[in-house]
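A quick write-up on the structure given underneath.
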Amino acid sequence: MVDFDKEVTRLRAMLKLHPPGNPNRSMVLRDLAFVLRIRLAQYGSEMDLEDSIDLGRAALELLPPRHPQQSDALNNLATFLHDRFEREGVSRDLEEAITLQRDALGLRPPGHVNRSISLHNLATFLLTRFSREGGSVHLDEAIALGGEGLKLHPPGHPNRDFSLLNQSTYLHARFKIQGSMTDLEDAIAYGRAALELRPLGHAKRPSALFGIASMLDDRFKKKGEMSVLQEAIHLSRAGLEVSTPQHSGRALHFHTLASCLYNRFIKLGEAADLQEAVNLARDALAATLEKNYDRPHFLSMLSLCLSELFRIRSVATSPEGEEAVTLGEAALVLSLPGNPDRPSFLYTAAQALYYRFQMLGSIADLEMAIKHARAAIELGSPRRPLHPVYLGVLADCLRDRFGQEGAIADLDEATALVRTALGLTSPDHPYWPSYLDTLASCHWHKFQRFSVLADLEEAVTLGRVAMELSPAEHCHSAALRKKLVTYVQELFRKQNPSTESMKVVTLSRLMLDLSPGEHPIRPVAVSNITSFLRNKSCQQGAASNLDEGSVQLNHADFSLLQPLALCPNGRSGRSIGHTDVEHDVGKTAMVLSPCSGPPRIEQLIGNIAYEILKTLPVRLLNARTGVLCDRVAQLSHFESSDHYKELLSTALFSPSQQSDLIHLTVCDYFQYITLSHRWGKGEPLLRDVEGRSIYNLTGKDGLAKLQNFCKTVLRHGYLWAWSDTCCIDKDSSVELHEAIGSMFSWYRKSALTIVHLSDVTQPDSLFRSAWLTRGWTLQELLAPCAILFYKADWSPYTDRTSSNHKTDSAILDELEKATGIASQYLTCFSPGIENARLRLQWVSTRCTTRPEDIAYSLFGIFNLHLPVLYGEMVENALGRLLAEIISRSGDTSVLDWIGPPSSFNSCVPANIASYATPLSLPPPPNKVEPQSLMLTMRKHWARRDAFKMYRALSRLALPQFINRRLLLPCIVHRVEMIKRKQAEPGTLSDLYQIYASGLKSLEITSSENLQERAEWSTPRLPYVLVRPWGSRLVGTAITNAEQWLSRLEEPFNALLLAELPQNEYKRIATFCRIVAHPIDSGRILQSEISTLTVV
């Protein structure tokens, strides 16, 4: 605080030294206003806010129209006014802020360096107006502005995370009023993308965490997916852990987690969730100013939580009920009639009043609750996610008013309302059990009024479903059970045991399920069931002749008779024939078979099996028979197996259990082992083995290897085997293309990969094997989760017992030394374009029989799907691969190679060996000393100098190839002078000394004959040294101007380009890396930023 006070004092003194008329007075006013705003944010001085607005106005008034700083002054004053609106809620501040920001945006046309700032601010102000007054036109404009701002911040831009999160917020707001799942899904996707750009330790990570959590919470309210809600809670807790108590959004963070926990309480009914939600809601309210426009939401949240707490405590004198009503009404008072969230505030007030009515019986509370609920429905629309909840509370109110006054119109309306609510939601919706309970009670009331048995039966059916959907531990489940018992008892009394025995038994079972051990209805229920079974057995004779279609008993049904033990001798209910009945029932239970399953269980098994087989190799060898099987034959084998027969009994399980069990069984049956080897002589192809058993064929080398492989598969307890020799139709270009694209996943999915080392006969000689030098075997090493090495004679490579050599530390050490691949990649490799340069280095010493295969063998490692064009030049195949990697990743480290250039493009090498030299990584940014207070206060205009280049670069697209041309964003240093120093003895290369703008002189060795110029004169040389701008630099954690300057002053790997006609360039190949050293930061900031076309 003292530092801020000193800075304010210093700036006020400077202001006196710049009286009216001084050309720099506006700048001093701007600085002082900015410092006051920062002090306000840190310490909350209201006077600072007023002063910053006054100073901002004065600064703006001093600037004539179209002054270069006018847009900044407009933007600053608009921001100050929006700050005051958020604190005090005065509408004119918001309207003026919007007007000023529109003017600022008008002065910042497309291409203006600060246009994105005005787009963001104006969109935020419009969202604020929408949140206060409604009006979808404001929200639509905010989304449009946000979309334009997002385009100005492409991938790699330092402010992309803000644009992503802003657009996410705008779309989320539209979802809340229009209910479009597309908006919500897009909002979540943008939010997740923003979170990825804000890793652990990022100052703005909490806002991204809570933004996503809020959206997931709303998705749960719409869809009822528990996994979504659990993730929302996890993200909210993570956000609270990394946000400080002084965080400006702390209140909103409390509110978000409170909402998530409240919704989990509604779904699962755990009182601990509700109590924590109450505490968090109180914290949110305590951290909010009285006039903050978010305050109604916090009041409403606390009211909801207290209402539920009041309800579950069921104590009329509990203070939570009164407080809930007070808070609900306060939220209504603070929300304007046009507020888009007013329907939810009305609903909150209605619920609080309704629960108080249930406890205290005040008709005035009920009438006011009905009024609020109707208003909520009228102001909303069926598209809104919370609309069904509004319908539900009004239905509850009208049903209870019917109970008080008896107007059948109320009951009919309640029935219609709750049916509409059910139609707008799914069974997973958190309020579905509540809606079903309400509808069941409506039918119960109708039955009591009109004595129509169908209403009572409907009440029982609905009540049962409500019970099934509500967790047994839910705090409201006891109330649901109690109501259902009432319905069932009444329906039971309406049945005639002699003519409706089956219905009597069904109801008796249901009563056993619902009633506790000492409930007086249990003995009656048990007596009914036992009597029915005894009579049925006597009528039909042997238990095996029972009509299973009508009785529908299984072993679980007979376990219901265990409650007989709860009826001791002498108790009513344990009466005639119990001993005989128990004997009959026990006998029946032993011989009675379960119900038959659904008639088309075979189709379900077939469908699941087919989907699984689609992910496996097209052909597999049956290691037991030695016959190659396509998918039809594989399925036929399965259908004749014991696995299949066991699955036919899955009708005993629920549908979800059925599917899970079938999936697990099919996956288990089709586990297979893959072979990795070096091709040799006489390898059997598809045409050699198709339709025959490999065990009946004679031959050496390749065939013997295949036979030994299958025998090894059997020894490991597996049935299916796969080899790249005979399991692919290499005469079919389509199948071959598919196989190359799928091979990585086939090895990854295999239960085990057997590696046959045909040139290894002794232990500890793995490093000498040619298997480690082949191109295709790299993915066969990295992809499998489990590997076992075998020597030439098919004996294990080591005597140590191991089921996976990737877990054998000794073998892993051998592999790491032989391949240069770190153990973490050997044991847990993920395909993709990350660390592309490192992966290229792994393969740089490998080779393939067909040169172009060196590129094709990497498709799986990089998870790329490109055309396989056998016969093309290796330079073309490798060029296509590298171009795709660069275009997708923007990673310019792929340009770090030494060797001859390719005919595909001069920026890619002619062969993979050019990547043998390890990647030279730049040093990490120098640690920046703490900034002076003034630098901290003025960082927004300090960035204008230091980040000018950063913004210019960030507006450029990442590197990409188009028609073999590389579009390369870069920092350009023009070569001003070249001196040939000497020719390299015995070579065709020369040593050159190069001077380029902004760089210290450097030396290169090249076979190119470079044009020399020994003096600083015209014409200029056609060469440039460039620093490529790619995803690695974009992703660097730059948080202030000093760090950015520090990074730019460090040495970097440069490319030497020669200018060609048509504004194109080509890379000059050198025999060593070009390490450039910048002179100083001043020269760096004057460097040219451009996207060059390299051919």
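In my numbering, each residue carries its 1-based index in the sequence shown increased by 617.
Beta carbons: idealized from backbone N, C-alpha and C, even for Gly.
Just so you know, these numbers come straight off a predicted model, no measurement behind them.
Can you tell me the Cα-Cα spacing of residue 772 and residue 1705, whole angstroms? 21 Å
Have a look at the DSSP bridge pairing and note the partners of residue 1610. 1596 and 1620
Between the C-alpha atoms of residue 841 and residue 752, what's the straight-line distance to the nearest angstrom? 29 Å
Since residue 1581 and residue 1511 should fall inside the 8 Å C-beta cutoff, what is the C-beta to C-beta distance between them, to a whole number of angstroms? Not confirmed; about 15 Å, so no contact.
Limits of the beta strand (DSSP E) - the one that residue 1103 falls within: No beta strand (DSSP E) holds residue 1103; the alpha helix (DSSP H) holding it covers 1094 to 1110.
Distance, Cα to Cα, residue 754 vs residue 790? 12 Å
Alpha carbon of residue 1577 to alpha carbon of residue 1487, nearest angstrom: 25 Å
Drop a sphere of 10 angstroms on the beta-carbon of residue 1526, count the other beta-carbons inside from all chains shown, and report buried for 16 or more, exposed for fewer. buried
Mind pulling the beta strand (DSSP E) runs of 3 or more residues that sit fully within the stretch 1563 to 1591? 1577 to 1579
Can you give me the C-alpha to C-alpha distance between residue 1281 and residue 1330, rounded to a whole angstrom? 21 Å
Put residue 1452 into one of helix, strand or coil per three-state DSSP. coil
Suppose you measure from the CA of residue 1192 to the CA of residue 1101; what does that come to, to the nearest Å? Unreliable placement is indicated for residue 1192, whose pLDDT of 39 sits below 50; no coordinate value is reported for it.
Whole angstroms are fine: how far does the CA of residue 949 sit from the CA of residue 966? 8 Å
Could you give the first and the last residue of the continuous beta strand (DSSP E) run that contains residue 731? Note, residue 731: premise wrong, no beta strand (DSSP E); not H, not E.
Select from 1252, 1241 and 1245 the residue whose C-alpha is nearest the C-alpha of residue 1224. 1252
Using the C-alpha atoms, what's the distance from residue 1398 back to residue 1459? 12 Å
State whether the stretch 857 to 875 contacts the stretch 1062 to 1074, with contact taken as three or more CB pairs (one from each stretch) at a distance under 8 Å. no
Using a Cβ distance threshold of 8 Å, determine whether the stretch 1062 to 1069 contacts the stretch 1035 to 1042, with at least three qualifying pairs required. no
Residues that DSSP places opposite residue 1681 in a beta bridge: 1677 and 1710
What would DSSP say about residue 1001, mapped onto helix, strand or coil? coil
Would you mind working out which of 1372, 1618 and 1514 sits nearest residue 1685, comparing C-alpha positions? 1514
Use the C-beta contact count for residue 1051: other C-beta atoms within 10 angstroms, 16 or more gives buried, fewer gives exposed. buried
Which same chain residues end up closer than 6 Å to residue 1676 when comparing Cβ atoms and leaving out the 5 residues on each side of it in sequence? 1639 and 1682
When burial is assigned at 16 or more other CB atoms within 10 Å of the CB, is residue 1006 buried or exposed? buried
If distances are taken between C-alpha atoms only, which option among 1503, 716, 1619 and 1309 comes closest to residue 1586? 1503
Write down the C-beta distance between residue 1336 and residue 1241 rounded to the nearest angstrom, noting that I regard them as a contact closer than 8 Å. 6 Å
In this structure, how does DSSP classify residue 1310 when only helix, strand and coil are distinguished? strand
Reference residue 1623, options 1606, 960, 1615 and 1664, closest by Cα: 1606
C-alpha gap between residue 1012 and residue 988, whole angstroms: 12 Å
One question on the structure: do residue 1391 and residue 1465 come within less than 8 Å of each other, judged by their Cβ atoms? yes
In or out: residue 1689 buried (at least 16 other Cβ within 10 Å) or exposed? exposed
Answer yes or no: do residue 1014 and residue 972 have a C-beta to C-beta separation smaller than 8 Å? no
In terms of DSSP beta bridges, what is residue 1246 paired with? 1237
Beta strand (DSSP E) segment containing residue 1642, residue limits: 1640 to 1645
What ranges does the alpha helix (DSSP H) occupy inside the stretch 1428 to 1487, keeping only unbroken runs of at least 4 residues that lie completely in it? 1440 to 1444, 1453 to 1460 and 1470 to 1473
Is it true that the stretch 1466 to 1478 meets the stretch 1414 to 1433, where meeting means three or more beta-carbon pairs spaced less than 8 Å apart? no
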